[in-house]
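Undergrad: After the structure tokens below, expect a handful of questions from me.
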Amino acid sequence: MQQSNTTTLSTVTGLMGQISETGRDALRGGYTRPVYSHAEIELRDWFIEQAQSRGLSVEQDGNGALWAWWDLPTGDRTDAVVTGSHLDSVPGGGPFDGPLGVASALVALDLLKSRVQERTKALAIVVFPEEEGSRFGVACLGTRLMTGAITLEKALNLRDQDGTTFADVARANGLDTRLMGPDPTRLAHIGAFVELHVEQGLGLGELDHPVAIGGSILGHGRWRLSITGQGNHAGTTLMAGRRDPMVAAAQMVVTIRNIARDQPHARATVGRIEPVPGGTNVIASAVNFWLDVRHPDDAITAALIQRIHDTALDLAASEGCELSLNQESLSPTVTFDASLTARLQGSLMHAPVLDTGAGHDAGVLAAHVPSAMIFVRNPSGISHSPEEYVEDADAEVGAAALADALAGMLN
Numbered sequence: 330m331q332q333s334n335t336t337t338l339s340t341v342t343g344l345m346g347q348i349s350e351t352g353r354d355a356l357r358g359g360y361t362r363p364v365y366s367h368a369e370i371e372l373r374d375w376f377i378e379q380a381q382s383r384g385l386s387v388e389q390d391g392n393g394a395l396w397a398w399w400d401l402p403t404g405d406r407t408d409a410v411v412t413g414s415h416l417d418s419v420p421g422g423g424p425f426d427g428p429l430g431v432a433s434a435l436v437a438l439d440l441l442k443s444r445v446q447e448r449t450k451a452l453a454i455v456v457f458p459e460e461e462g463s464r465f466g467v468a469c470l471g472t473r474l475m476t477g478a479i480t481l482e483k484a485l486n487l488r489d490q491d492g493t494t495f496a497d498v499a500r501a502n503g504l505d506t507r508l509m510g511p512d513p514t515r516l517a518h519i520g521a522f523v524e525l526h527v528e529q530g531l532g533l534g535e536l537d538h539p540v541a542i543g544g545s546i547l548g549h550g551r552w553r554l555s556i557t558g559q560g561n562h563a564g565t566t567l568m569a570g571r572r573d574p575m576v577a578a579a580q581m582v583v584t585i586r587n588i589a590r591d592q593p594h595a596r597a598t599v600g601r602i603e604p605v606p607g608g609t610n611v612i613a614s615a616v617n618f619w620l621d622v623r624h625p626d627d628a629i630t631a632a633l634i635q636r637i638h639d640t641a642l643d644l645a646a647s648e649g650c651e652l653s654l655n656q657e658s659l660s661p662t663v664t665f666d667a668s669l670t671a672r673l674q675g676s677l678m679h680a681p682v683l684d685t686g687a688g689h690d691a692g693v694l695a696a697h698v699p700s701a702m703i704f705v706r707n708p709s710g711i712s713h714s715p716e717e718y719v720e721d722a723d724a725e726v727g728a729a730a731l732a733d734a735l736a737g738m739l740n
């Protein structure tokens with residue numbers, strides 16, 4: 330990682346260039362930066378260095394989020410304006426999902442320092458951990474812990490693919506599990522939260538505009554389906570005598586796709602399958618796979634899951650297998666604060682308002698503090714992939730738009 334130089338690298342493009350080699354994935358392409366991995370820790374150190382070089386006061390809260398404060402002379406943090414995003418990634422993700430919001434916040438701060446002569450509110454830049462949920466399976470884990478959207482007991486018992494608990498990983502990275510969980514005092518000090526993020530679709534590309542204001546986030550959740558059959562030898566077990574959970578799983582994946590296609594505006598995705606024990610010449614004894622379902626109407630999301638569950642039970646039984654379905658996370662549809670959104674519209678003239686199907690920390694916080702989002706154009710329309718892209722010019726426009734939005738909120 331290159332050393333920081335905020336004098337010559339006070340652009341989003343420059344800051345992103347500093348971390349462009351951190352967490353590169355030679356196998357998948359793109360970046361793999363799971364929470365508390367070497368790559369994500371390196372990025373956290375980079376952020377602390379950048380914040381401190383700007384004279385910000387940096388602290389880590391009990392849940393592992395980093396807060397960099399541009400304090401008032403009085404030290405009063407009441408009704409603070411907060412911006413930021415995350416630094417972790419999905420496996421083989423793109424360069425902008427998360428880090429763009431952090432780099433843009435740093436550049437926005439530079440712009441604000443040159444513009445704002447007087448202010449009545451402190452500003453904080455925050456980096457939340459485990460937004461993607463790629464290591465422990467629960468998206469926005471940091472904000473869920475802070476708001477109480479997940480119980481501490483459930484969070485601490487989450488396990489990664491190696492079987493290591495979140496509690497063990499948290500302790501290994503200097504956190505005291507006794508201090509984790511809901512943080513109402515910190516929440517009470519947030520007057521407004523604005524998250525800048527790369528757009529994860531083609532909305533801005535079709536509108537030919539560099540930035541948009543977030544309108545709402547589709548309700549979405551994650552479920553784990555576990556199919557249990559009979560493990561056996563691939564060469565000695567005749568086809569007619571098999572209880573193969575992989576066959577049932579394959580039928581379920583196709584059926585899930587068809588069920589979602591039948592429901593307008595629904596999205597259903599199976600992106601991870603784990604056979605047990607996973608040998609080439611072994612009939613699996615069990616198959617676990619994870620399901621992501623999204624729809625703007627929460628009642629329809631629930632109905633889709635029920636239909637998938639009922640159908641999957643029948644498919645499992647037809648192969649002599651058993652099935653269980655467990656909910657890992659669920660977020661209702663979120664509409665961002667109307668007053669704050671209107672304020673952003675006043676600051677960002679002509680910026681369209683776009684809804685999104687992607688989850689964000691801003692969506693979790695929206696139930697507790699006024700929250701809003703700014704999206705930056707992604708001409709590829711592709712995200713969670715190495716093909717995710719933002720033009721350099723659009724990245725700088727996004728940071729300037731964030732500074733414009735925050736400037737009007739600091740007084």
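Residue numbers (our numbering): 330 to 740. Where a beta carbon is used, it is the ideal one built from N, C-alpha and C, also for glycine.
Using C-beta distances below 7 Å, list every residue in its chain close to H689, excluding the 5 sequence neighbours before and after it, in chain order.
TA: Locating residue 689 in the sequence shown gives position 360, where the first residue counts as 1. Excluding positions up to five away in sequence, the list reads E524, H526, I546 and M702.
Undergrad: Classify E447: buried if its beta carbon has 16 or more other beta carbons within 10 angstroms, exposed otherwise.
TA: One-based indexing of the sequence shown puts residue 447 at position 118. With fewer than 16 Cβ atoms within 10 Å of its Cβ, E447 is classed as exposed.
Undergrad: Let me check one thing: in DSSP terms, what residues is E524 bridge-paired to?
TA: On the sequence shown, residue 524 is found 195 positions in, with the first residue counted as 1. E524 is bridged to M702.
Undergrad: Identify the continuous alpha helix (DSSP H) that holds D374 and give its terminal residues.
TA: Position 45 of the sequence shown, counted from the first residue, corresponds to residue 374. It spans H367 to S382 - the alpha helix (DSSP H) in which D374 sits, taken as one unbroken run.
Undergrad: Report yes or no: do the region 453–469 and the region 382–394 share at least 3 C-beta pairs separated by less than 8 Å?
TA: yes
Undergrad: Would you report the Cα separation of M581 and F465, rounded to the nearest angstrom?
TA: Sequence index remark: in the sequence shown, residue 581 carries index 252 (1-based). Sequence index remark: in the sequence shown, residue 465 carries index 136 (1-based). For M581 and F465, the distance between alpha carbons rounds to 24 Å.
Undergrad: If you pair each beta-carbon of the region 403–416 with each one of the region 426–440, do three or more pairs fall below 8 Å?
TA: yes
Undergrad: Pull up the distance between the alpha-carbon of A729 and that of L438, whole angstroms please.
TA: As a first step, residue 729 is located in the sequence shown; it is residue number 400 there, counting from the start. As a first step, residue 438 is located in the sequence shown; it is residue number 109 there, counting from the start. Taking the straight line joining both Cα atoms gives about 10 Å.
Undergrad: Cutting at 6 Å between CB atoms, please list the residues of its own chain near L533, excluding the five before and the five after it.
TA: For the purposes of this step, residue 533 is taken as residue 204 along the sequence shown, with counting starting at 1. Excluding sequence neighbours, L533 sits near A541 and R706.
Undergrad: To which residues of the same chain is M330 closer than 7 Å at the C-beta, ignoring the five residues directly before and after it?
TA: Position 1 of the sequence shown, counted from the start, is the residue given in the question as residue 330. Its pLDDT being 47, under 50, M330 is placed unreliably in this model, and the coordinates cannot settle the point.
Undergrad: Could you work out which residue in Q674, G343 and S712 is closest to G544 when comparing CA atoms only?
TA: Walking along the sequence shown from the start, residue 544 turns up at place 215. If we check each option's Cα against that of G544, Q674 comes out closest.
Undergrad: Do A712 and G548 have their CB atoms nearer than 8 Å?
TA: Residue 712 sits at position 383 when you count from the first residue of the sequence shown. Residue 548 sits at position 219 when you count from the first residue of the sequence shown. A small fix is needed here, since residue 712 is Ser in this sequence, not Ala. No; because the gap between Cβ atoms is not below 8 Å, this pair is not in contact.
Undergrad: I'd like the span of the alpha helix (DSSP H) that includes H638, first residue to last.
TA: To locate residue 638, count along the sequence shown from 1; it is residue 309. From DSSP, the alpha helix (DSSP H) with H638 extends over D627 to S647.
Undergrad: I need the DSSP call for S653, collapsed to helix, strand or coil.
TA: Numbered from its first residue, the sequence shown carries residue 653 at position 324. The answer is strand: DSSP assigns S653 an E or B state.
Undergrad: Does the distance from the CB of D408 to the CB of G503 come in under 8 Å?
TA: Taking the first residue of the sequence shown as position 1, residue 408 is located at position 79. Taking the first residue of the sequence shown as position 1, residue 503 is located at position 174. The answer is no: Cβ separation not under 8 Å.
Undergrad: Specify the secondary structure class of M738 as computed by DSSP and reduced to three states.
TA: Taking the sequence shown and counting its residues from 1, the one referred to as residue 738 is at position 409. Coil, per DSSP.
Undergrad: Between H367 and Y360, what straight-line distance do the alpha-carbon atoms span, to the nearest angstrom?
TA: Taking the first residue of the sequence shown as position 1, residue 367 is located at position 38. Taking the first residue of the sequence shown as position 1, residue 360 is located at position 31. Going from the Cα of H367 to the Cα of Y360 covers about 12 Å.
Undergrad: Would you mind sorting L639 into buried or exposed? The rule is 16 or more other CB atoms within 10 Å of its CB.
TA: Numbered from 1 along the sequence shown, position 310 holds the residue referred to as residue 639. Per the sequence presented here, residue 639 reads as Asp, with Leu not at that position. Answer is exposed; the Cβ neighbour count stays below 16.
Undergrad: When you compare the CB positions of D405 and A451, do they come within less than 8 Å of one another, or not?
TA: As a first step, residue 405 must be located in the sequence shown, where it is residue number 76. As a first step, residue 451 must be located in the sequence shown, where it is residue number 122. The Cβ-Cβ distance between D405 and A451 falls below 8 Å.
Undergrad: Going straight from the alpha carbon of L485 to that of A496, what length do you get?
TA: As a working mapping, residue 485 is identified with position 156 in the sequence shown. As a working mapping, residue 496 is identified with position 167 in the sequence shown. Answer to the nearest angstrom: the Cα atoms are 4 Å apart.
Undergrad: Can you tell me whether DSSP reads D621 as helix, strand or coil?
TA: Start at 1 with the first residue of the sequence shown, and residue 621 comes out as number 292. Correct three-state label for D621: strand.
Undergrad: Taking the straight line between their C-alpha atoms, what separation do you get for A687 and T403?
TA: Position 358 of the sequence shown, counting from 1, holds the residue named residue 687. Position 74 of the sequence shown, counting from 1, holds the residue named residue 403. Roughly 39 Å between the two C-alpha positions.
Undergrad: Could you give the distance in angstroms between the alpha-carbon of S386 and the alpha-carbon of F704?
TA: Position 57 of the sequence shown, counted from the first residue, corresponds to residue 386. Position 375 of the sequence shown, counted from the first residue, corresponds to residue 704. Using only the alpha carbons, I get a separation of about 27 Å.
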